[in-house]
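Chemist: End of the first sequence = 579 in the numbering used here, gap-free, step of one.
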Amino acid sequence: MTAAATPRTILHVDLDAFYAAVEVREQPSLAGRPVVVGADPKGGRGRGVVSAASYEARRFGIHSAQPIGRAYSLCPDAVFLPPRMELYLAVSQRFFALLERFTDLVEPLSVDEAFLDVTGSERLHGDGPTIARAIQRAVRDEERLSVSVGVAPCKFVAKIASDLRKPAGLVVVDGAPGAAAAFLAPLPLERLWGAGPKTAARLHQLGARTIGDVAALAPSHLAAAFGGDGGAHLQALARAMDDRPVEPERAAKSLGREHTFEVDVADRDEVARLLLALVEQLTARLRRHGLAGRTVTVKLRTDDFETVTRAATLESAVDTTEALLPVARKLLSRCDTTRRAIRLVGVSLSHFGAVQPALFEEKAVRQGRAVARAVDELCARFGEGVVTRGSLLDRAPPGPDVGPKPRPPRAPPERNG
DNA sequence: TCTGGGGTCCTAGGACCC
DNA sequence: TCTGGGGTCCTAGGACCC
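1) Going by alpha carbons, who is nearest to Val-333 out of Ala-343, Ile-322 and Ala-341?
2) Give the DSSP bridge partners of Val-241, in chain order.
3) Roughly how many whole angstroms lie between the Cα atoms of Ser-254 and Leu-349?
4) What would DSSP say about Lys-328, mapped onto helix, strand or coil?
5) Please tell me whether Ser-510 and Arg-419 are closer than 9 Å, where the distance is taken between their beta carbons.
6) Taking the beta strand (DSSP E) that Glu-420 falls in, what are its first and last residues?
7) I'd like the span of the alpha helix (DSSP H) that includes Ala-357, first residue to last.
8) Alpha carbon to alpha carbon, how far is Arg-209 from Glu-424? Give it in angstroms, no decimals.
9) Can you name the start and end residues of the alpha helix (DSSP H) that Lys-204 belongs to?
10) Just to confirm before moving on: does the CB-CB distance between Val-441 and Leu-487 stay below 9 Å?
11) May I ask which residues mark the beginning and end of the beta strand (DSSP E) holding Ser-512?
12) How far does the alpha helix (DSSP H) with Thr-445 in it reach, from first residue to last?
13) Going by DSSP, what residue range makes up the beta strand (DSSP E) through Ile-224?
14) Under the assumption that Tyr-368 contacts Gln-397 (Cβ atoms under 8 Å), give the Cβ distance between them as a whole number of angstroms.
15) Let me make sure I understand the geometry here. Which of Ser-191, Ala-193 and Ser-235 has the alpha-carbon closest to that of Val-212?
16) Looking at Val-241 and Val-301, is the spacing between their C-beta atoms short of 9 Å?
17) Taking the beta carbon of Ala-193 as the centre, do at least 16 other beta carbons fall within 10 Å, making it buried, or is it exposed?
18) Span of the alpha helix (DSSP H) holding Arg-456?
19) Beta-carbon within less than 7 Å of Ala-385's beta-carbon, same chain only, minus the 5 sequence neighbours each way: which residues are those?
20) List the endpoints of the continuous beta strand (DSSP E) containing Phe-277.
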């Protein structure tokens, strides 16, 4: 990774406490109160995590990805709300439409954050900081939400900058040579993108504490700890050398559904029933996005939190329950988890490509696609859940299947073939 | 205080082909 | 006959991000 040949102006835009902020906006009486969006705390015994916490809730030590029981014990009086994904996704889509007024080069990172390359729009809209302030103003006026922005010569530095003065922060890093590296140097290395707990611990063992320390480490030491590529990548980021382009059209590479039982389950039939429900939801989503895939992966997590996956790659891409389920069932039987209770079941599909022409398909698979089309049509007309397989009726389906993401998977990818 | 659900990317080893 | 190196595809697991 080398420095970009031409100077760029990259923005990282990040909605503050997104889900919680939307809930407060919808229910003004919540303003000023600690608001936690996530799993049902169930008086402290709930299973699941915090999805978003308002800044008032954060003062109690509550943060996203925290077990919900922990959040409850930190602040039992907080307002605990279940996520309303359809609502957030609608807001998210307007947010991205707003960003696209400033440049075509908008790369969504999730529902609530994006990279923008505004290098080419500065003549029209003003320089980076001017555009950043205009975005903050527009999001505040039109959506009544607050947003933090980082302006920098590359993606990674912009991302760090936007995070530094939340909420409603604006941090600008000069594009002059060396300025970005100097900006990063004093920050704790935990802020490096890709340096989670394991990587941070190993960097500490090498004597590093700050990003500047990582930038100065002997490449041979880094390579010994992380491999040649991994070490070089870390050090390049630490030196603010990041020429990755802003990519608006990144095609999805996999699609999956998973669910954690309320209580761990030893009954294999119950595991199999959940697998069927997940496969149904997954294939419906695949067809909605016009995707079909060749590699099926089944995932089990046991009560001791060990995760086991089994995968199989088919000759041709599939998108129906009839084609996918037998494979998923076989993979499930190959998961060596006997005598342990199951906590989570998941299924995903990757290796996207075109569905093979029906010429040589088995009759059952052809019929399966016809049934699927009919079901899809009914769901589109009358809403999700109007048609359900008989074998699914004896149990509640896991969670709502959320609709399309702001970055919906596009046509089958061709990258790397 | 036990740890969701959606993803991406990387690594290592084995099979297989040239 | 033996050795071997490179490339690609696949699987399983793991780290990480929001």
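Heads up, the beta-carbon is just placed ideally off N, CA and C, and yes, glycines get one too. Since the structure is predicted, the reported quantities are computational estimates derived from the model, not experimental observations.
Modeler: Here's the rundown:
1) Among Ala-343, Ile-322 and Ala-341, the Cα nearest to that of Val-333 is on Ile-322.
2) DSSP, once it has assigned bridges, lists Val-197 as partnering Val-241.
3) If I take the Cα positions, the gap works out to 31 Å.
4) Coil at Lys-328, not helix or strand.
5) If you check the CB distance, Ser-510 and Arg-419 come in under 9 Å.
6) In this chain, the beta strand (DSSP E) harbouring Glu-420 covers 416-427.
7) Taken as a continuous stretch (DSSP letters only), Ala-357 belongs to no alpha helix (DSSP H), as it is neither H nor E.
8) In this structure, the alpha-carbon of Glu-424 lies about 7 Å from that of Arg-209.
9) Annotation for Lys-204: no alpha helix (DSSP H) segment contains it, and DSSP assigns it neither H nor E.
10) Yes, the pair counts as a contact, with Cβ atoms nearer than the cut-off.
11) Run containing Ser-512: 504-514, per the beta strand (DSSP E) assignment.
12) It spans 430-450 - the alpha helix (DSSP H) in which Thr-445 sits, taken as one unbroken run.
13) Run containing Ile-224: none; DSSP gives neither H nor E here.
14) With the sequence shown as reference, residue 368 is identified as Leu, and Tyr is not the correct amino acid for it. In this structure Leu-368 does not touch Gln-397 by the C-beta definition: roughly 11 Å separates them, more than the 8 Å allowed.
15) For Val-212, the nearest C-alpha among the options comes from Ser-235.
16) No, the pair does not count as a contact, with Cβ atoms beyond the cut-off.
17) It is exposed - the Cβ of Ala-193 has fewer than 16 other Cβ atoms within 10 Å.
18) First-last for Arg-456: 455-464, but that is the beta strand (DSSP E), not the alpha helix (DSSP H).
19) Excluding residues within five positions, the ones whose Cβ falls inside 7 Å are Gly-393.
20) Residues 275-279.
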